[in-house]
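Visitor:
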Ligand code: HEM
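Residue numbers (the working numbering): 13 to 268.
#1: Considering only heavy atoms of the ligand HEM, does any lie closer than 6 Å to the CB of residue 66?
#2: Whose C-beta lies closer than 8 Å to the C-beta of residue 88 among residues of the same chain, with five residues either side of it excluded?
#3: Which ranges would you report for the alpha helix (DSSP H) in the stretch 145 to 215 if only whole runs of at least 4 residues count?
#4: Cβ of residue 95 within 7 Å of Cβ of residue 73?
#5: My output table needs one value for residue 128: the three-state DSSP class, helix, strand or coil.
#6: Under the rule that 16 or more other beta-carbon atoms within 10 Å means buried, what is residue 201, buried or exposed?
#7: Determine the direct distance from the alpha carbon of residue 113 to that of residue 59, and round the result to whole angstroms.
#8: Hey, could you find the ends of the alpha helix (DSSP H) residue 258 is sitting in?
#9: Roughly how many whole angstroms lie between the Cα atoms of residue 51 and residue 61?
#10: Expressed to the nearest angstrom, what Euclidean distance is found between the alpha-carbon atoms of residue 213 and residue 27?
#11: Three or more C-beta pairs closer than 8 Å, one from the stretch 138 to 158 and one from the stretch 192 to 210: is that the case here?
#12: Span of the alpha helix (DSSP H) holding residue 117?
#13: Can you tell me which of the three DSSP states residue 29 falls into?
#14: Are the stretch 248 to 262 and the stretch 184 to 191 touching, with three or more C-beta to C-beta distances below 8 Å?
#15: Distance, Cα to Cα, residue 109 vs residue 229?
#16: In terms of alpha-carbon separation, which member of 125, 67, 47 lies closest to residue 107?
#17: Would you please state the rounded distance, in angstroms, between the beta carbons of residue 93 and residue 25? I believe it to be under 8 Å.
#18: Is residue 243 helix, strand or coil by DSSP?
#19: By Cβ distance, which residues of its chain are closer than 6 Å to residue 210, with the 5 residues on each side in sequence left out?
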């Protein structure tokens, strides 16, 4: 029995993804330590990197659903299987980001009360998003899914979309790098791609029941309309929410 279990574990792509992800975090800690002599700069860069890696894993995990809808479960079965490990890594890196930011960069929980309101609000949004990621990671085991029933588990995991919106706002309100024009363009394209694919998936799912889409042309037109709406919504974030760095450093929108 024991041997069989070990073989199963070593055959699982999830095991390798998780192991590689955790090892990569140790390597990042070491690499950045060697490159930054000042503790303060080290903590800032380390938490930024951990936050960015969490975001990338999360984004990949989110992309899997619409891509599976388009290309079929069979074609993407390995990616669908690996997705849980990718989601768990997103939670792991978010937790590292939180701990390094809180106890390394900011100087502990007691300091939170002294931070400007905009930063506090951003941290609350990031905190809620982290909590959602942790709950999802904690309920990503087969035993838990079985106990919760698949329908309830699926409903809980829909929270990921709301949490992702919160993290986008968290990053916009506090992030240093979002003030760079190049980063803004990359973020816009990435968000539009995800939103466009998700819109297609949702529209087609609704159409299965209501039959309101006229052929492929009709579907394309509706997706374009949705994308235009998403574009308007995403580009209005800077008008609706302040970015701490742009607010406090004149001309802080960098051209790079
Ligand atoms: C899922 C949860 C989270 C993700 C994916 C995430 C991701 C990020 C990213 C990508 C940035 C931008 C860094 C940059 O501009 O270089 C950032 C900024 C920041 N985050 Fe988070 N974050 C999360 C939650 C949290 C939480 C709970 C805290 C609480 C301590 C936190 C503290 C910070 C701080 C202090 C910054 C400012 C970094 C800077 O100096 O530019 N984050 N976060």
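From the three backbone atoms N, C-alpha and C, an ideal C-beta is built for every residue, glycine too.
Guide: In this structure, then:
#1: Yes - the ligand HEM has a heavy atom lying nearer than 6 Å to the Cβ of residue 66.
#2: Once the five neighbours on either side are set aside, the close Cβ partners of residue 88 are 76, 79, 80.
#3: Counting whole runs of 4 or more residues, the stretch 145 to 215 contains the alpha helix (DSSP H) stretches 154 to 160, 162 to 169, 171 to 186.
#4: Yes, these two residues count as a Cβ contact at 7 Å.
#5: Note: residue 128 maps to coil in three-state DSSP.
#6: Around the beta carbon of residue 201, fewer than 16 other beta carbons lie within 10 angstroms, which makes this residue exposed.
#7: When rounded, the distance between both Cα atoms is 6 Å.
#8: It spans 256 to 260 - the alpha helix (DSSP H) in which residue 258 sits, taken as one unbroken run.
#9: Their Cα atoms are separated by approximately 15 Å.
#10: For residue 213 and residue 27, the distance between alpha carbons rounds to 30 Å.
#11: They do not touch, by the three-pair rule.
#12: Element bounds for residue 117: n/a, residue is neither H nor E.
#13: Reduced to three states, the DSSP call for residue 29 is helix.
#14: Flag = yes, the stretch 248 to 262 and the stretch 184 to 191 touch.
#15: Their Cα atoms are separated by approximately 44 Å.
#16: Considering only alpha carbons, the answer is 67.
#17: About 6 Å separates the two Cβ atoms, so the contact holds.
#18: Helix.
#19: Apart from the 5 residues on each side of it in sequence, residue 210 sits with its Cβ closer than 6 Å to the Cβ of 78 in its chain, given in chain order.
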